[in-house]
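See below for the structure under consideration.
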Amino acid sequence: MSIAIVGGGLAAATAATELRERGYDGDVVIYAAEDHLPYERPPLSKDVLLGTKDIDSAIVHDEGWYTANRVRLERGVAVTAIDAAAHTLRVEPVGGGAESEHEYDRLLLATGATARHFDVADRVCDPVYLRTVEDNTRLRAALHPGAKVVIVGAGWIGLEVASAARQKDAEVTVYEVGDLPLVSVLGPEVARLFADLHRAHGVGLRLSTAVDEAALAAADVVVVGIGAIPSTRLAEEAGLDVDHGVLVDERLRTSDPDIYAVGDVANQQHPVLGRRIRVEHWDTAIEQAKVAAHNLLGDEEPYTHLPYFFTDQYDLGMEYFGSVGPEGYDRVDIEGDTDVANGGAFRAYWVHDGVVRAAMHANDWDASDAVRDSVGTER
Ligand SMILES: Cc1cc2nc3c(=O)[nH]c(=O)nc-3n(C[C@H](O)[C@H](O)[C@H](O)COP(=O)(O)OP(=O)(O)OC[C@H]3O[C@@H](n4cnc5c(N)ncnc54)[C@H](O)[C@@H]3O)c2cc1C
Numbered sequence: 165m166s167i168a169i170v171g172g173g174l175a176a177a178t179a180a181t182e183l184r185e186r187g188y189d190g191d192v193v194i195y196a197a198e199d200h201l202p203y204e205r206p207p208l209s210k211d212v213l214l215g216t217k218d219i220d221s222a223i224v225h226d227e228g229w230y231t232a233n234r235v236r237l238e239r240g241v242a243v244t245a246i247d248a249a250a251h252t253l254r255v256e257p258v259g260g261g262a263e264s265e266h267e268y269d270r271l272l273l274a275t276g277a278t279a280r281h282f283d284v285a286d287r288v289c290d291p292v293y294l295r296t297v298e299d300n301t302r303l304r305a306a307l308h309p310g311a312k313v314v315i316v317g318a319g320w321i322g323l324e325v326a327s328a329a330r331q332k333d334a335e336v337t338v339y340e341v342g343d344l345p346l347v348s349v350l351g352p353e354v355a356r357l358f359a360d361l362h363r364a365h366g367v368g369l370r371l372s373t374a375v376d377e378a379a380l381a382a383a384d385v386v387v388v389g390i391g392a393i394p395s396t397r398l399a400e401e402a403g404l405d406v407d408h409g410v411l412v413d414e415r416l417r418t419s420d421p422d423i424y425a426v427g428d429v430a431n432q433q434h435p436v437l438g439r440r441i442r443v444e445h446w447d448t449a450i451e452q453a454k455v456a457a458h459n460l461l462g463d464e465e466p467y468t469h470l471p472y473f474f475t476d477q478y479d480l481g482m483e484y485f486g487s488v489g490p491e492g493y494d495r496v497d498i499e500g501d502t503d504v505a506n507g508g509a510f511r512a513y514w515v516h517d518g519v520v521r522a523a524m525h526a527n528d529w530d531a532s533d534a535v536r537d538s539v540g541t542e543r
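Following this note's numbering, the numbering of the sequence shown begins with 165 at its first residue and continues without gaps.
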């Protein structure tokens, strides 16, 4: 059997690893558009941006691993078409060159997502969209004492960049059209604490404010973090069902029985949450890739793992488990010291219909397991 993996990020590398760990002996080929060994992206807005770790620390496996495990890693090539009926795919070098056609028996789509563009910034300046090693290198060089950094969007990436930039003594202004940062994920009670944290570290937080052209033009560097778009074009053109991501069932299978999808690109019918969800988190890329690897080999394993997310900003480390559904929450219970700018540690529980739907801790690592286990319990 031959298994093709389209991607080359964390999900792709994890799936290949799991296939070998399960004892699968057939062909595995990873087609990766980036000309790098598969790497993890979270450090791009944290340690690697701060310069406390180098990019090699983010690499999933060194080159020798792929050789030793007979995983063919084709770097710098894009899969341009999949013929699902014929079980073939077309591959083209990213910089141009001869196209080739390859056969597969089973295929895993792990094409991830790309940064959403902001047309005003694209017109006025040359913004950084932090997604790749190259984006990180460019931004790192621009973060120096006194540099005027404008960040568009107070989401996770925007706030992590704000944190790194302030630690480099840059002058940071964050523009956010919402009335609080991260409010759609955390709700106002906890989002407010993140606003306080950034203000305490000297970030100019312009909430309910759309950035104007003058502010963009005056910046030394503009970073846009306004979300990501799943890379679904290939799946759509192959005739797979796509709707805000590649639609996959509980077992991560697409509308074609020989094609699975995982990670940022996959919109899964989640058996525990009872609804569709597409999760752009590091942990989901890993855990879905493992389950998909089993199913590529013929298992019928549902993916039941709940979303998990972490962030580091200044001295704050937090973990968030679960997911609040579209129905929202009735109350959020906060326990502990919420003065996170001064080392406070707290736990928060989002409750709907008497059940914890999501829970997090900030700076309370000993509580991590208990907070995770609280999700789904009555409260
Ligand atoms: C700066 C940054 C910070 C982050 N921080 C956190 C964090 O703190 N915590 C957290 O939980 N998550 C974080 N994330 C999210 C996390 O990194 C992603 O969820 C994860 O990378 C998803 O992995 P993936 O393999 O699905 O997709 P990706 O990492 O996007 O990899 C997909 C790869 O597929 C390639 N590709 C696409 N189309 C093709 C094609 N047709 N042919 C060949 N190759 C193709 C792409 O070039 C890309 O290299 C962060 C993301 C970013 C960008």
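Quick reminder that beta carbons are idealized off the backbone N, C-alpha and C, glycines included.
When DSSP states are grouped into helix, strand and coil, S166 belongs to the strand group. Taking C-beta atoms under 8 Å as the contact rule, E198 and G172 qualify, at a distance of about 6 Å. In the DSSP assignment, W514 falls within the beta strand (DSSP E) that extends over F510 to H516. Counting C-beta atoms within 10 angstroms of its own C-beta, G228 has fewer than 16 neighbours from the protein chains shown and is therefore classed as exposed.
Our two residues, A531 and Y472, have alpha carbons roughly 15 Å apart in a direct line. V519 is the residue among T475, I223, V519 and D343 whose C-alpha sits nearest the C-alpha of E491. In this chain, the beta strand (DSSP E) harbouring F474 covers Y472 to Q477. CA-CA distance, A505 to H362, rounds to 8 Å. According to the DSSP assignment, H308 belongs to no beta strand (DSSP E), since it is labelled neither H nor E.
The three-state secondary structure of D333, taken from DSSP, is coil. Within the same chain, and ignoring the five residues on either side of I441 in sequence, the residues whose Cβ sits closer than 8 Å to its Cβ are N431, Q432, H434, P471 and S487. Secondary structure note for P257: its beta strand (DSSP E) is the uninterrupted segment T252 to P257. Boundaries for R186: no beta strand (DSSP E) harbours it, and the DSSP string shows neither H nor E there.
Placement of the Cβ of F510 at a distance of 6 Å or more from every heavy atom of ligand 1 is found.
Counting along the chain, N459 sits inside the alpha helix (DSSP H) bounded by residues W446 to L460. Taking G368 as the centre and dropping the five residues before and after it, the same chain places the C-beta of T337 closer than 6 Å to its C-beta, in chain order. Only buried fits M482, as 16 or more other CB atoms lie within 10 angstroms of its CB.
The C-alpha of T448 is placed about 23 Å away from the C-alpha of Y230.
Straight across, the Cα-Cα distance linking L404 with T252 is about 15 Å.
Within 10 angstroms of the beta-carbon of D517 lie fewer than 16 other beta-carbons, which makes it exposed.
Contact annotation: V297 and H200 have beta-carbon atoms nearer than 7 Å. Using a cutoff of 6 Å, the CB of E444 counts as near ligand 1, since one of the ligand's heavy atoms is closer than that. Annotation for T396 indicates a beta carbon at 6 Å or more from all heavy atoms of ligand 1.
A distance criterion of 6 Å places the beta-carbon of G187 beyond contact range of ligand 1, judged by its closest non-hydrogen atom. Secondary structure at V224: coil, using DSSP grouped into helix, strand and coil. Excluding residues up to 5 positions away in sequence, V316, R370, T373 and V375 lie with their Cβ nearer than 6 Å to the Cβ of Y339 in the same chain. The stretch 206-219 makes no contact with the stretch 233-242: fewer than 3 CB pairs, one atom from each, lie closer than 8 Å. Using a cutoff of 6 Å, the CB of F473 counts as near ligand 1, since one of the ligand's heavy atoms is closer than that. In this structure, the CA atom of L380 is about 38 Å from the CA atom of A425. A distance below 6 Å between beta-carbons, with the five flanking residues on each side excluded, links R417 to the following residues of its chain, in chain order: Y424. For the pair S395 and T278, the CB atoms are nearer than the 7 Å cut-off. In this model, G351 and S221 are separated by some 34 Å (Cα to Cα). Here the alpha carbon of F485 sits roughly 6 Å from the alpha carbon of R536. Its chain contains A168 and I423 as the residues whose beta carbon lies nearer than 6 Å to that of L271, once the 5 sequence neighbours on both sides are disregarded; these appear in chain order. For F358, no beta strand (DSSP E) segment is defined; the enclosing uninterrupted segment is the alpha helix (DSSP H) at V347 to A364.
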